[in-house]
Every structure is written in structure tokens, then in C-alpha cells.
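What follows is a single structure, written as C-alpha cells, with notes after it.
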Amino acid sequence: MNKLALRSRLTLLTAVAVAVAVAAVSLASWFITRDQLVTQLDSTLHSTHVDNRYLTQTIATCTSSVQTNGNVPPSPVGVQIVKADGTRCVGLGTLPIKVQARDIEVASGTADAVTHNARTDSGQSVRVYTEPLNGPNGESTGLAVTISRPLAEIDKTLTHLAWVLLAVAGFGVLGATSAGLWIARTGLRPVDQLTGTVEHIARTEDLNVRIPVEGEDEIARLGKSFNAMTSALASSRDRQQQLIADAGHELRTPLTSLRTNIELLERSEATGRAIPPEDRRALLASVKAQMTELAALIGDLQELSRPDAGPTLKVVPLHEITGTALQRARLRGPDLTITADVAPWFVRGEAAALERAIVNLLDNAVKFSPPGGRIDVRLQGGRLSVRDHGPGIPAEELPHVFERFWRSPSARSLPGSGLGLSIVARTVQQSGGTIGLTPAPGGGTEAALYLPGAPTAPPDAPPEP
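Residue numbers 1 to 465, in UniProt numbering, belong to the letters of the sequence shown in order.
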């Protein structure tokens with residue numbers, strides 16, 4: 001069964017289901033009709049009246065041996081007298097019926113009237129009604145009268161009905177098979193389209209193909225889900241290609257600078273023309289700066305390539321992580337004033353990633369703050385804000401600040417990879433929070449992120465080391 005195609009299985013199952021249903025209905029109809037016909041025949045037998053003179057004549061001519069009827073044609077209604085000793089007297093024009101024990105019981109007075117099937121001496125099936133033949137005062141005479149009719153009347157009707165039901169069942173199964181095949185073809189047409197689309201994508205790797213969707217049934221939902229999946233895959237591939245292209249572009253700049261500086265040092269050694277000490281120190285400083293920038297860019301790319309934290313999230317103290325990030329920021333901007341108002345707040349996230357995100361926000365604030373400037377950091381109710389007093393970000397540039405490798409034209413001369421805020425946004429989203437940058441009143445920029453949590457750690461949270 002499993003080796004058959006789905007369309008063939010549906011057709012076969014439909015045909016089998018209809019065949020079983022038709023067979024059940026046909027059998028039920030046949031048995032009900034047979035019972036009705038037998039009931040009608042019994043009612044006819046019970047209401048059949050035998051003339052007393054005929055009975056008297058039959059008894060008078062009865063002998064102890066089996067009576068024969070000569071050349072008298074048989075009557076549809078058979079009458080015979082049964083004695084208590086099991087002998088019988090067959091009426092003229094009727095076929096002799098084999099006497100059964102129940103008939104003898106009725107004749108002997110030990111049983112009431114009975115109705116049953118019997119056979120004639122020639123083997124013909126008949127329906128028999130036997131009742132006691134009592135005297136004028138109701139006394140038992142030791143005789144019973146048997147009235148019979150041939151069952152051929154019923155058998156002929158039942159045989160005809162059986163052939164009719166068999167023909168109906170055959171046509172029903174054929175019709176069900178045709179209908180099942182049509183339903184399977186119609187119902188599985190979207191599946192065929194889906195299969196063709198999947199095979200096309202597997203063959204061409206073209207993720208822009210979409211399946212036409214109609215209706216709201218399960219097949220339509222499957223088509224919508226498949227279209228959403230291919231759209232997500234196409235978007236993911238486009239982002240990967242864009243990331244590779246942007247990373248290659250960003251890596252080219254420090255690598256080119258490194259190559260140029262190293263070639264100058266190599267040419268100096270090869271030609272024997274010494275570089276002035278001051279220029280040599282500047283050259284080495286440039287090499288060191290480019291290596292630092294290259295290492296930072298590679299680290300940022302590794303951070304972005306990490307899978308989502310998901311199940312590794314745990315409850316961490318955001319206020320302690322913020323305090324650690326503030327210590328690092330004060331070392332990077334010793335001439336700046338960094339104020340902090342940090343209240344306890346526990347969130348579910350990854351401590352290292354959250355610390356890196358907060359450090360990136362503080363680094364941006366340090367980078368764009370004027371000498372001797374001030375940075376205000378505040379953590380209250382899950383909202384962490386970092387406000388600097390620098391030149392600020394133009395309103396038209398705000399929608400792009402969280403894009404990978406995007407850098408403001410005014411900041412392209414400053415060190416950085418353009419990935420810091422992308423890493424911040426990714427980390428905050430993994431922790432179920434939100435982040436945004438807005439111009440601060442009086443100048444500067446305020447970065448605010450919100451992470452859901454609570455001012456106290458939940459009882460099931462592991463203790464911090």
C-alpha cells in the first residue's frame with residue numbers, strides 16, 4: 001500500500017470505502033426484504049381457511065401409508081393431516097410434506113401452532129404452518145393440519161433483488177472509483193504544484209519562485225507556509241551575500257593600508273635607505289592601528305555570525321553588567337565625566353553579549369563626546385539610557401544606524417567597523433527588548449534600550465558567582 005502513489009491510494013481507499021458501504025446496505029436490504037416476505041407469507045398461511053368438508057374428506061380417505069396424488073396437479077397451497085404417531089394424510093392436489101418433530105408435538109397436543117420451513121418428498125422448500133385439529137368441544141383429536149406454500153415465491157423475488165443489488169453495487173463501486181480518481185486529481189493538484197516548485201528550487205536554487213494560493217483550506221495554508229519559507233530563505237541568502245560583500249569591502253581598507261605600510265618597510269630594508277625615525281614610528285603606529293581595526297572587525301563579524309542564544313538565556317543582573325561596562329568606558333575616556341544612576345534590574349539574557357552591547361553604546365558615546373564632555377547613564381525600571389553631548393545624529397540618518405556596516409559620513413574618518421549598533425540591536429532583540437536612538441534635548445544623542453525583567457531575581461534563578 002505504501003508503495004502506491006498518493007493519488008492511487010486515495011482512489012483505492014475511496015473505492016473500498018464505497019464498496020464496503022454499498023455491500024453493507026445491500027446485505028441489510030436483502031435480509032430486511034427476506035424477513036418482510038417471510039412475515040407476509042406467514043400471515044397468508046395463518047389466514048388461510050381450509051374447508052371442513054375438504055378436511056373431512058382428507059381424513060376419511062387417509063390411510064396409514066404415505067398417500068399419493070396420482071395425476072392431480074399440485075396446488076400452490078398444500079394441506080395434509082398429521083397424526084400423533086407421525087403418519088400423515090395428504091390432501092388431494094397437494095404435494096406430501098415431510099413430517100417434523102414439531103408437527104407431531106402439535107398433533108399430540110404438547111405444543112401450540114408452529115410455523116417453520118420444511119421440504120416436500122421431492123425436495124422442494126416450503127413454508128409450513130401447523131395447528132392442532134381439535135374436536136367440537138375443543139378436545140384433542142390427536143390430529144394436526146399442516147398448511148404450506150412453496151418458498152419459491154420468495155426465493156425468486158430475493159434472487160432478482162440480489163442481482164439488482166449486485167448490479168447497483170458494481171455501478172456504485174465504478175462510480176466511486178471514477179469520483180475518487182477525479183477528487184484525488186483535483187485535491188492533489190496544489191500538492192503537484194508544490195512538488196514541482198520544490199523540484200525546481202532543488203534543481204535551480206531559485207528561491208524567488210512562489211506557489212499560487214487560492215482559498216483558506218489546509219492545502220492553501222501549506223502553500224502559504226512554503227511561500228513564507230522560501231521568502232525567508234531568499235531574504236537570508238540575500239543578507240548573507242550582502243554581509244559577505246560588505247565584509248569584503250570593509251576588510252579591503254585595513255588590508256590595503258597594511259599592505260602599503262609593509263611594502264614601504266620591505267622596500268626600505270631591500271634598498272638600504274633607512275626611513276627617518278619619526279616616519280618609521282608613525283608607520284609602525286599605523287600598522288598597529290590597522291591591525292587593531294582588523295581584529296575588531298573580525299570580532300564583530302564573529303559576533304554577528306553566532307546563532308541566536310535561545311535556550312542558553314538565563315537570568316542575569318543587568319545593573320552589575322552595566323557597572324562592568326562603565327568601568328571599561330571610563331578607561332577609554334579618562335578625560336570624560338561619566339555619571340551613572342543604576343538601579344537593580346534582572347533580565348533573561350546572555351551576560352557576555354549584553355555586556356558587549358552596553359560597551360558598544362558607551363564606546364559610541366565616548367567616541368562622539370567632545371574633550372572634557374559628559375556622558376549620562378541611567379538604568380531605571382528596565383530602561384537603560386546612554387546620553388552624550390556630542391554633535392548628534394541628523395534625523396535623516398537615524399533610520400540607518402542599526403544597519404550592518406553603515407557609518408555616518410561624518411564618522412567615516414573615525415575608527416570603527418559599522419557593526420557595533422547592529423550587534424547591540426541583535427542582542428537586545430534576543431533578550432526580548434527594544435532599542436532606539438533619538439536626538440537629545442540641548443544637543444547630543446540618547447540611546448535607550450528596554451529589557452523586560454524585574455527589580456529582584458526570581459526564586460529559581462541560580463546565584464551569581
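Ideal placement from N, C-alpha and C gives every residue a C-beta, glycine not left out.
Residue pairing by DSSP places LEU143 opposite LYS83, LEU133 in a beta bridge. Closest in alpha carbon position to VAL77, among THR87, ARG119, LEU95, is LEU95. When beta bridges are read from the DSSP output, HIS116 appears opposite VAL128. Counting of Cβ neighbours within 10 angstroms places SER369 among the buried residues, the total reaching 16 or more. Straight across, the Cα-Cα distance linking ARG374 with THR445 is about 12 angstroms. For the pair GLU350 and ALA325, the CB atoms are not nearer than the 8 angstroms cut-off. Inter-residue distance for GLN290 and PRO254 is about 5 angstroms (C-alpha atoms, whole angstroms). Its chain contains ILE201, THR230, LEU233, ALA234, ARG237 as the residues whose beta carbon lies nearer than 7 angstroms to that of LEU207, once the 5 sequence neighbours on both sides are disregarded; these appear in chain order. Boundaries cannot be given for ARG210, as no beta strand (DSSP E) includes it and DSSP labels it neither H nor E. Beta-bridge analysis with DSSP links LYS314 to GLY349. Rounded to whole angstroms, the gap between the alpha carbons of GLY381 and ALA220 is 45 angstroms.
DSSP, reduced to helix, strand and coil, places SER47 within a helical segment of the structure shown. In the DSSP assignment, GLY372 falls outside any beta strand (DSSP E) and carries neither an H nor an E. Secondary structure at THR456: coil, using DSSP grouped into helix, strand and coil. In the three-state DSSP reduction, ASP388 falls in the coil class, being neither helix nor strand. Exposure of GLY86 is indicated by the presence of fewer than 16 other C-beta atoms within 10 angstroms of its C-beta. Under the 10 Å beta carbon count, ARG387 is surrounded by 16 or more other beta carbons and is classified as buried. Of all C-beta pairs linking the stretch 8-18 to the stretch 141-161, fewer than three are shorter than 8 angstroms, placing the two stretches out of contact. The three-state secondary structure of VAL77, taken from DSSP, is coil.
Rounded to whole angstroms, the Cβ separation of ASN364 and GLY420 is 6 angstroms, and the two are in contact under 8 angstroms. Bridge partners of PRO150 according to DSSP: VAL126. Counting C-beta pairs with one atom in each stretch, the stretch 160-170 and the stretch 22-33 have three or more that are closer than 8 angstroms, which means they touch. In the three-state scheme derived from DSSP, where H, G and I count as helix and E and B as strand, LEU95 is classed as coil.
Boundaries of the beta strand (DSSP E) harbouring ALA447: 445-450, taken from the DSSP string. Collapsing the DSSP output to three states places THR434 in a strand. Taking the Cα positions, ASP335 is about 7 angstroms away from PRO371. ALA425 places its beta carbon 8 angstroms or farther from that of ARG383. Contact between GLY453 and ARG348 holds: CB atoms are separated by about 7 angstroms, below the 8 angstroms threshold. Counting C-beta atoms within 10 angstroms of its own C-beta, GLN80 has 16 or more neighbours from the protein chains shown and is therefore classed as buried.
In the DSSP assignment, THR339 is bridged to ASP376.
Closest by C-alpha distance to ILE97, out of VAL126, ASP112, ASP279, is VAL126. Nearest to SER148 by alpha-carbon distance, out of ILE244, VAL114, PHE171, ASN137, is VAL114. Between VAL82 and LEU143, the CB-CB gap stays under 8 angstroms.
By the CB criterion at 8 angstroms, GLY172 and VAL18 fall inside the cutoff. Pairing ALA329 with ILE423 gives a Cβ-Cβ distance that is not under 8 angstroms.
By the neighbour-count definition (other C-beta atoms within 10 Å, threshold 16), ILE244 is an exposed residue.
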